[in-house]
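Protein chains: 4
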Amino acid sequence: MHEAVLAIVAERPMAALTMEGIAARASVSKQTLYRTWPSTSAILFDALLARSLDESGAVVVPDSGDLAADLRLLIAGMVGELTDPVHGALLRAVTADILGDEALAAQHRELLLRPQLAAIADRLARAGVTDAEDAAELLVGPVLHRWLLRTRRFDEAWVAAHVGRVLRAVALA
Amino acid sequence: MHEAVLAIVAERPMAALTMEGIAARASVSKQTLYRTWPSTSAILFDALLARSLDESGAVVVPDSGDLAADLRLLIAGMVGELTDPVHGALLRAVTADILGDEALAAQHRELLLRPQLAAIADRLARAGVTDAEDAAELLVGPVLHRWLLRTRRFDEAWVAAHVGRVLRAVALA
Amino acid sequence: MHEAVLAIVAERPMAALTMEGIAARASVSKQTLYRTWPSTSAILFDALLARSLDESGAVVVPDSGDLAADLRLLIAGMVGELTDPVHGALLRAVTADILGDEALAAQHRELLLRPQLAAIADRLARAGVTDAEDAAELLVGPVLHRWLLRTRRFDEAWVAAHVGRVLRAVALA
Amino acid sequence: MHEAVLAIVAERPMAALTMEGIAARASVSKQTLYRTWPSTSAILFDALLARSLDESGAVVVPDSGDLAADLRLLIAGMVGELTDPVHGALLRAVTADILGDEALAAQHRELLLRPQLAAIADRLARAGVTDAEDAAELLVGPVLHRWLLRTRRFDEAWVAAHVGRVLRAVALA
DNA sequence: TTGTAACCGAGACGGTACGTCCGGTCTTTGT
DNA sequence: ACAAAGACCGGACGTACCGTCTCGGTTACAA
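What follows is the structure, encoded as structure tokens:
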């Protein structure tokens with residue numbers, strides 16, 4: 000199922016993700032889909048969840064002792080995921096769905112976003128940052144902004160500079 | 000037309016914004032819509048554009064000399080727009096559309112986002128900030144993050160703290 | 000379905016027979032109609048076919064031994080059908096469609112017209128008429144003419160006179 | 000205008016005759032059409048009328064003294080018109096319209112059909128036929144039947160045999 | 001071994017919206 | 001002034017999916 004969803008999301012415009020299409024692609028009857036998921040959004044989110052809980056799909060927060068280096072690695076990892084054709088498309092699709100479905104948004108928040116942000120905040124707190132949650136937001140927010148609105152491409156220099164700014168903001172540089 | 004779109008967006012789930020519905024609400028034939036716009040996304044964006052170019056709908060960057068105060072005002076203004084029931088819903092709908100339509104994303108970028116960010120960057124540059132564009136992103140990104148992903152509510156204290164962090168990041172505090 | 004078609008044809012102008020209308024009247028979705036028939040013409044013809052294959056709707060050729068009497072009965076039966084408000088309207092509608100659709104015309108010819116004419120020709124041949132097919136045409140043609148072009152009303156006297164003329168034409172009176 | 004109508008009728012399926020199409024083909028605005036005719040049927044009938052009143056388009060009843068020969072010529076002329084690609088298509092289209100529009104049918108009857116039948120009846124009466132109108136119907140009906148229902152092609156032998164039968168029917172052969 | 005479930009694919013069904021076309025009416029524009 | 005150009009509302013066109021439903025045909029466990 001997830002495979003079918005990923006394939007469609009990766010190779011066709013978002014509006015082409017339909018129950019009918021997924022069922023056809025997965026050689027499954029529509030009823031089988033509806034038995035498990037109420038909507039394409041739900042399948043989509045499930046696929047993202049599976050991929051993220053999988054060891055290979057998760058972005059982990061490194062902890063080497065060198066905070067700046069760790070954050071650069073973390074952000075580089077995120078950027079890698081966001082720019083990956085398949086995972087990027089998947090994330091974009093889920094994000095779009097979230098905007099119009101508060102229930103889905105809540106799930107996404109609790110199961111994916113909050114743990115992710117908590118892990119980052121934790122790493123920052125361990126390095127002595129106060130207001131670690133706000134700091135985590137300061138770190139991640141601009142990445143989301145640049146990716147979502149496609150204002151500019153990511154590059155290594157920007158990642159380093161961004162991490163530098165964030166560390167200065169929390170008075171650790 | 001815009002009025003009809005705003006009404007529907009404000010009071011019904013996003014999926015209920017259809018060409019048929021807009022036509023009915025605006026007492027207009029479908030063909031009249033299709034003559035001007037190819038999709039609901041286009042009408043939606045047009046409505047946002049109209050509202051933003053209108054003097055009353057735009058967020059302007061204040062310039063009183065006191066940078067911190069100005070940024071707090073600016074962010075408070077943004078937050079006000081984002082949390083306004085009508086405008087917020089409109090922005091959410093357009094943002095969702097942008098995620099699945101690169102052409103629309105480009106328009107949004109050029110006509111709304113870039114000028115907005117440029118204005119902010121300009122204000123920062125005038126205060127002596129280098130890398131003003133990145134700084135603008137640092138300022139706006141976390142706001143987008145919090146709004147889009149609905150992680151936490153906005154409040155005045157956070158706005159002030161956030162502006163403080165950004166100013167520290169650009170070494171002006 | 001047939002019932003809905005008959006009702007519409009009987010009580011409204013021919014142009015008002017639409018897929019949309021039939022679907023509504025039959026409390027059926029448009030797709031259900033399109034799954035079975037490609038056009039209103041096809042449904043119409045199907046309704047006529049059903050009615051004609053039904054024992055109650057068919058005009059049978061009587062065979063009592065008295066040819067003149069039999070033909071008078073036959074023509075009277077035809078006239079009865081053609082002047083019946085419902086069946087007449089149905090026939091008129093199908094005839095109009097036939098004029099613009101050769102495929103439909105062929106079906107009509109093979110399934111309804113030819114058997115009908117063959118039965119008449121058979122009756123005539125049994126009475127010793129040569130060129131029975133042409134004679135059948137001579138019998139039926141003027142009825143069609145008078146009905147289709149609405150030149151004059153039918154009455155019993157005309158039927159008798161007409162049959163007399165036809166029998167004289169084939170040299171049996 | 001008539002030219003445009005004839006062209007469309009001759010080269011495209013009947014359903015393709017639209018006000019919009021005629022206007023385009025004749026390089027005329029729709030309003031100009033509506034100023035003169037209320038429907039495509041009306042234009043169509045007008046075109047037929049013009050062509051029939053024109054000396055070249057009318058079928059005249061010959062009167063050489065030899066009734067059989069005259070009728071054979073008359074029927075052959077009719078058959079020629081009915082099988083002509085352009086005029087035949089025009090007649091077919093008008094006939095279809097007549098079936099669904101009593102007002103149009105009345106016009107057709109008064110302006111074209113009745114004079115035509117009267118002329119034939121007149122010729123027959125002059126030759127001593129009683130019930131000349133019914134005889135005219137007997138002559139013309141089977142031609143209509145064969146043409147309209149496309150049962151069989153016309154040929155010279157049939158024309159001669161048919162005329163023979165009709166003359167026998169009216170007791171003149 | 002033979003029921004007897006549970007589950008599945010296939011796909012019909014009543015719906016809603018799609019994007020297009022045409023019917024008529026009315027307004028604007030140019031000659 | 002009059003006609004072309006074409007905007008406009010209404011509504012049918014034929015198509016795609018929606019979510020629900022019944023239908024047979026398996027597996028797989030129980031009697």
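Chains as they are written, first to last, in numbering that gives the first Met the number 0: chain L, 0 to 172; chain D, 0 to 172; chain U, 0 to 172; chain B, 0 to 172. By construction, the Cβ of each residue, glycine as well, lies at the ideal position given by its N, Cα and C atoms.
Which first and last residues belong to the alpha helix (DSSP H) in which residue i is found?
i        : result
Arg164/D : Glu155 to Ala168
Glu132/D : Ala131 to Leu147
Pro84/D  : Pro84 to Leu98
Ala109/B : The sequence given here has Glu at residue 109/B, not Ala. First-last for Glu109/B: undefined, no H or E at that position.
Arg152/U : Where Arg152/U is concerned, there is no enclosing alpha helix (DSSP H), given that its DSSP letter is neither H nor E.
Ala120/D : Arg113 to Arg125
Asp45/L  : Thr39 to Leu52
Met18/B  : Met18 to Arg24
Ala3/D   : His1 to Glu10
Does chain U have any CB closer than 8 Å to the CB of residue i?
i        : result
Met77/B  : no
Leu43/B  : no
Leu183/B : With chain B running from 0 to 172 in the structure shown, residue 183/B is simply not present.
Distance, Cα to Cα, residue i vs residue j?
i        : j        : result
Asp100/B : Leu90/U  : 14 Å
Ile7/B   : Val85/B  : 10 Å
Ala95/L  : Met13/L  : 9 Å
Ala92/U  : Arg152/B : 24 Å
Glu10/B  : Ala170/U : 45 Å
Ala41/L  : Ile119/L : 27 Å
Leu48/L  : Met77/D  : 32 Å
Leu137/D : Leu112/D : 14 Å
Pro141/D : Leu5/L   : 29 Å
Ala168/L : Thr129/D : 15 Å
Gly79/L  : Ser38/U  : 55 Å
Ala46/B  : Arg24/B  : 15 Å
His1/B   : Ile21/B  : 9 Å
Leu116/L : Ser28/U  : 50 Å
Val193/D : Leu73/D  : With chain D running from 0 to 172 in the structure shown, residue 193/D is simply not present.
Ala104/B : Ala105/U : 26 Å
Asp121/D : Gly127/D : 10 Å
Ala102/D : Thr150/L : 13 Å
Leu143/B : Leu16/L  : 57 Å
Arg71/U  : Val162/U : 6 Å
Ala57/U  : Ser26/U  : 29 Å
Taking residue i as the query, report the chain B residues whose CB atoms sit under 8 Å from its CB, ordered along the chain.
i        : result
Thr150/U : Arg108, Leu112, Arg113, Leu116 and Glu136
Checking contacts by CB at 8 Å: is residue i closer than that to chain D?
i        : result
Leu123/L : no
Check the Cβ of residue i against every Cβ in chain U and list those closer than 9 Å, keeping chain order.
i        : result
Asp130/B : Ala160 and Arg164
Val169/B : Arg164, Arg167 and Ala168
Strictly below 7 Å CB to CB, what residues from chain U border residue i?
i        : result
Val139/B : His144
Mind pulling the chain U residues with CB within less than 8 Å of residue i?
i        : result
Gly176/B : Given a span of 0 to 172 for chain B in the structure shown, any question on residue 176/B remains unanswerable.
Ala104/B : Leu148 and Arg149
Taking CB distances under 8 Å as the criterion, tell me whether residue i reaches chain L.
i       : result
Arg71/D : no
Hey, does residue i have any beta-carbon neighbour from chain B nearer than 8 Å?
i        : result
Asp154/U : no
Asp133/U : yes
Practice task
Inspect the CB distances between the stretch 124 to 144 of chain L and the stretch 152 to 171 of chain D and report whether three or more fall short of 8 Å.
Solution key: yes
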